[in-house]
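Residue numbers (the working numbering): 191 to 668. Don't be surprised by glycine CBs; every beta carbon is placed ideally from N, CA and C. Just so we're clear, the structure is a prediction, and the values are computed from it rather than from any experiment. Data block below; observations after.
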């Protein structure tokens, strides 16, 4: 790793980086329209609307049963909170939450889709969903919205509600200009380089035409074994394309340009957004750091842990996570770098859940290097089960666990209540502390044979075996 900076040097780098980016983006003026709706963490306690609208992320429509993921917001809902979705809850799941997981009842708001089934915030501005939400504001005198991500439509919903009800409504997320600093790979890379230095990034180039991107691919292919293209605002590797460097070097620029065009067409590129060209590290470890960033008045960013992402395929598509089993020196370096970048984001106006993804190269026990690959300025597939585990453990340390989507063709048509009955005493019970498996995101089960599972164990090996071997056996899957 690079030589560590002193606390004073780090603080100066953070302040300088935030000031430079804020000025370049005219951030003060762009944030002004959101001032009255920003969450301060102070004042009277209002009910919270948990709202997982992920329409701001391209290509999520390609994920199996994606609209059902809106029900993951149930896991964050406290007593008397609301959560919204455009589909009904899976039969039997709310009973499971209350009886097995000891969660208090919450107010479910089913919204009617307006444009697409992903546009949840837009749907909550209409019809009976809006009526239900406004009734709660009238009774309680205000509302806090906890969204999946601080996209424009969420802030429009807050503005509509506060104007129509003449009551305070705030958003527990960064305003859109800051949301897109975190979730835009180019802007985030600029911030990391300013705060920590270029050694914390893979070699990266930027282009906005197929011809320029092709030339940059050819250039990087001279120095790296693999190279890739990345769309700036995609998630879960859906905007990535990886090439063997030898494959690129064997072609003329016209052939590489044709490959770039096919990628741009597939990802519906409109010509108005830069694309990253990157050195693609072939690694076995992709750590993820989890943080909570409060308003500055409430303190510095809180570091919640290092996790290992479970990735599949050449494009490294995310399928799950587990607490880090990496050397402590790696975890410490990831934490230190993450906190510095998180402090810069906080200075820029970021509030809420945040995580950073890395690739880990080199000798883990000696000369290793962590490279930031992206920021998830939102809730996600690692932070959701992590915070749910913290909630269920109620102050106790997290046990070794693995969280992952669980898919099997023989589960298509399955009923969740029947599945829980089959799992029996192996389903975790909060009050007795028995059982190993926790289930969530159960909406896609019947139609797609898919749900999310947290498997626990006395050791990490036991947790891995529980998910890979024991659960399929318990469910009688071949």
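Proximity below 7 angstroms, CB of residue i to CB of residue j
i: residue 573; j: residue 480; result: yes
i: residue 208; j: residue 538; result: yes
i: residue 620; j: residue 582; result: yes
i: residue 394; j: residue 324; result: no
i: residue 237; j: residue 216; result: no
i: residue 258; j: residue 633; result: yes
i: residue 319; j: residue 296; result: no
i: residue 309; j: residue 245; result: yes
i: residue 275; j: residue 260; result: yes
i: residue 477; j: residue 548; result: yes
i: residue 453; j: residue 419; result: yes
i: residue 404; j: residue 432; result: no
i: residue 335; j: residue 348; result: yes
i: residue 569; j: residue 338; result: yes
i: residue 508; j: residue 571; result: yes
i: residue 314; j: residue 301; result: yes
i: residue 668; j: residue 593; result: no
i: residue 486; j: residue 536; result: yes
i: residue 263; j: residue 240; result: yes
i: residue 653; j: residue 646; result: yes
i: residue 283; j: residue 606; result: yes
i: residue 427; j: residue 414; result: no
Among the options, nearest to residue i - alpha-carbon criterion
i: residue 248; options: 424, 502 and 654; result: 424
i: residue 650; options: 637, 664, 589 and 599; result: 589
i: residue 391; options: 306, 401, 402 and 376; result: 376
i: residue 484; options: 522, 430, 541 and 460; result: 541
i: residue 203; options: 598, 380, 273 and 658; result: 380
i: residue 332; options: 227, 398 and 365; result: 227
i: residue 666; options: 608, 299 and 517; result: 608
i: residue 473; options: 450, 502 and 219; result: 502
i: residue 369; options: 427, 340 and 625; result: 340
i: residue 342; options: 361, 282 and 353; result: 361
i: residue 422; options: 205, 197 and 461; result: 461
i: residue 600; options: 438, 641, 440 and 561; result: 641
i: residue 367; options: 576, 523 and 213; result: 213
i: residue 402; options: 289, 577 and 464; result: 464
i: residue 330; options: 303, 255, 658 and 235; result: 235
i: residue 579; options: 417, 293 and 435; result: 293
i: residue 201; options: 346, 520, 437 and 534; result: 534
i: residue 612; options: 664, 648, 577 and 602; result: 664
i: residue 577; options: 648, 255 and 265; result: 265
i: residue 475; options: 563, 544, 660 and 230; result: 563
i: residue 365; options: 657, 256, 351 and 567; result: 567
Other residues of its chain near residue i: CB distance less than 6 angstroms, five sequence neighbours each side excluded
i: residue 565; result: 372, 378 and 546
i: residue 628; result: 618 and 644
i: residue 559; result: 551 and 552
i: residue 400; result: 447, 450 and 451
i: residue 622; result: none
i: residue 305; result: none
i: residue 398; result: 464
i: residue 470; result: 416, 417, 418 and 432
i: residue 457; result: 421 and 429
Beta-bridge pairing of residue i - partner residues as DSSP gives them
i: residue 561; result: 549
i: residue 381; result: DSSP, once it has assigned bridges, lists no residue as partnering residue 381.
i: residue 623; result: BP columns for residue 623 are empty, so no partner.
i: residue 370; result: Answer by DSSP bridge pairing: none, since residue 370 is not bridged.
i: residue 641; result: 596
i: residue 291; result: Answer is none; residue 291 lacks a bridge partner.
i: residue 433; result: 417
i: residue 275; result: 300
i: residue 493; result: 481
i: residue 425; result: Paired residue(s): none; residue 425 is not in a bridge.
i: residue 396; result: 466
i: residue 617; result: 627
i: residue 542; result: 483
i: residue 513; result: 497
i: residue 391; result: 562
Own chain residues within Cβ distance below 8 angstroms of residue i, not counting five before or after
i: residue 604; result: 635, 636 and 639
i: residue 513; result: 495, 496, 497, 498, 588, 590, 591 and 650
i: residue 525; result: 479, 493 and 496
i: residue 455; result: none
i: residue 278; result: 300
i: residue 344; result: 241, 243, 311, 335, 337, 361 and 363
i: residue 316; result: 301, 302 and 304
Spatial neighbours of residue i in its chain, beta-carbon cut-off 7 angstroms, leaving aside the 5 residues before and after
i: residue 625; result: 615, 616, 617, 618 and 619
i: residue 555; result: 517
i: residue 443; result: 404, 405 and 408
Could you say if the region 375-391 and the region 353-362 meet the contact criterion of at least three C-beta pairs nearer than 8 angstroms?
no
Meets three-Cβ-pair contact criterion under 8 angstroms: the region 484-497 and the region 526-533
yes
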